[in-house]
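>
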């Protein structure tokens, strides 16, 4: 696979609603002829159905790929990749009405984003490492905690819980990565070195083809891995996101 290639889609979230259609009985209306459909055409009545959540990008077929971040159960996400992707996900999560709390040792990297969103009053606030207060997450006000704490993030005071997801950003593979990966419900991997790819392949039981592809991934392309699913997703920024965060990049 060459650099910039878009690998084929693996098994991923989403699917098609094929059964259980119930149109119900509406009020009496004009008497018209019945509508009928040959049995062999029933498959054409499927409706696209994906998880509720944040659009992380598109899959290999150009379909929206959605991360179900706001959940009633604890949800931990690890992203081994660039700050740009984490910031796009934070921005899009805030756009869904959730609050975003960023725990970071480099607040200056988030300053422009905070300023653009109203100085922390409109869904995004930045805290020093270890200083994130309880967020009071609820079904009406879900929370995403983004931990941008470097290669060896300390154990967080604020952990995932009902309606509160935690996304931990690791710029590279580190000694704490295996533990975080084991605890995570979802892991995203962007371009890494061949040595890091080999270690991730062993830790995550990736097929050889995907292990070999990791060092060649294009900027903005992420391999998202859940317990049984893997999917390549290309994050395509909007014009507003480019104006605020720039174009996709792996390195900061």
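Numbering (UniProt numbering), first residue to last: 1 to 252.
Backbone N, C-alpha and C fix where the C-beta goes; we use that ideal spot for every residue, glycine too.
All figures in this text were calculated on a predicted structure; none of them were measured in a lab.
#1: Where do the ends of the beta strand (DSSP E) carrying residue 80 lie?
#2: Leaving out five residues before and five after residue 248 in sequence, what residues of the same chain have Cβ atoms less than 7 angstroms from its Cβ?
#3: Identify the residues that DSSP records as bridge partners of residue 147: which are they?
#4: May I ask you to list the residues that DSSP assigns as paired with residue 235?
#5: Buried or exposed: which applies to residue 136, given that a residue is buried once 16 or more other Cβ atoms fall within 10 Å of its Cβ?
#6: Work out the CA separation of residue 166 and residue 278 for me, nearest whole Å.
#7: Measure the CB-CB distance between residue 102 and residue 126 and report whether it falls below 9 angstroms.
#8: In the structure shown, what three-state DSSP assignment does residue 26 receive?
#9: Locate the beta strand (DSSP E) running through residue 58, then write down its first and last residues.
#10: Mind the definition here: the segment 87 to 104 touches the segment 192 to 209 only if three or more C-beta pairs lie below 8 angstroms; say whether that holds.
#11: Let's test the definition: count the other Cβ atoms within 10 Å of the Cβ of residue 57 and tell me whether it reaches 16, buried, or not, exposed.
#12: Just to confirm my understanding: we take residue 199, look at its own chain, exclude 5 residues before and 5 after, and list those with CB closer than 7 angstroms. What are they?
#13: Does DSSP put residue 64 in a helix, in a strand, or in coil?
#14: Taking 9 angstroms as the threshold (beta carbon to beta carbon), is residue 117 in contact with chain C?
#15: Please list the segments of the beta strand (DSSP E) lying wholly inside the segment 174 to 226, counting only runs of 3 or more residues, in order along the chain.
#16: Need the endpoints of the beta strand (DSSP E) that residue 94 sits in, please.
#17: Confirm, please, whether the CB-CB distance from residue 140 to residue 252 is below 9 angstroms.
#18: Looking at the structure shown, is residue 114 part of a helix, part of a strand, or coil, going by DSSP?
#19: Beta strand (DSSP E) containing residue 125: first to last residue?
#20: Is it buried or exposed, residue 191, if we count other Cβ atoms within 10 angstroms and call 16 or more buried?
#21: Excluding the five sequence neighbours on either side, which residues of its own chain have a C-beta within less than 6 angstroms of the C-beta of residue 94, listed in chain order?
#22: Between which residues of its own chain and residue 148 is the CB-CB distance below 8 angstroms, once the five residues before and five after are set aside?
#23: Check residue 161 in the structure and name its three-state DSSP category.
#24: Run the CB neighbour count on residue 117, radius 10 Å, all protein chains shown included, and call it buried at 16 or more, exposed below.
#25: Quick one: what's got a C-beta closer than 8 angstroms to residue 163's C-beta in the same chain, skipping five residues either side?
#26: Bridge partners for residue 230 per DSSP, in chain order?
#27: Considering only C-alpha positions, which residue in the set 224, 78 and 160 is nearest to residue 171?
In this structure, then:
#1: 75 to 80
#2: 84, 219, 220, 235 and 237
#3: The partner list for residue 147 (beta bridge, DSSP) reads 103 and 168.
#4: None; residue 235 has no bridge partner.
#5: exposed
#6: Only positions 1 to 252 of the chain appear in this structure, which leaves residue 278 out of reach.
#7: yes
#8: Reliability of the predicted coordinates at residue 26 is poor, the pLDDT of 36 falling under 50, and no value is obtained from them.
#9: 54 to 58
#10: Three or more beta-carbon pairs separated by less than 8 angstroms are not found between the segment 87 to 104 and the segment 192 to 209, which leaves the two stretches without contact.
#11: buried
#12: The residues are 173.
#13: strand
#14: No chain C is part of this structure, which consists of one protein chain only.
#15: 186 to 189 and 221 to 225
#16: Taken as a continuous stretch (DSSP letters only), residue 94 belongs to no beta strand (DSSP E), being part of the alpha helix (DSSP H) at 83 to 95.
#17: no
#18: helix
#19: Taken as a continuous stretch (DSSP letters only), the beta strand (DSSP E) holding residue 125 covers 124 to 127.
#20: buried
#21: 100, 123 and 124
#22: 83, 86, 102, 103, 104, 105, 106, 109, 110 and 169
#23: strand
#24: When all chains shown are included, residue 117 counts as buried.
#25: 70, 71, 72, 137, 138, 139, 141, 142 and 143
#26: Residue pairing by DSSP places residue 230 opposite 225 in a beta bridge.
#27: Of the residues 224, 78 and 160, the one whose Cα lies closest to the Cα of residue 171 is 78.
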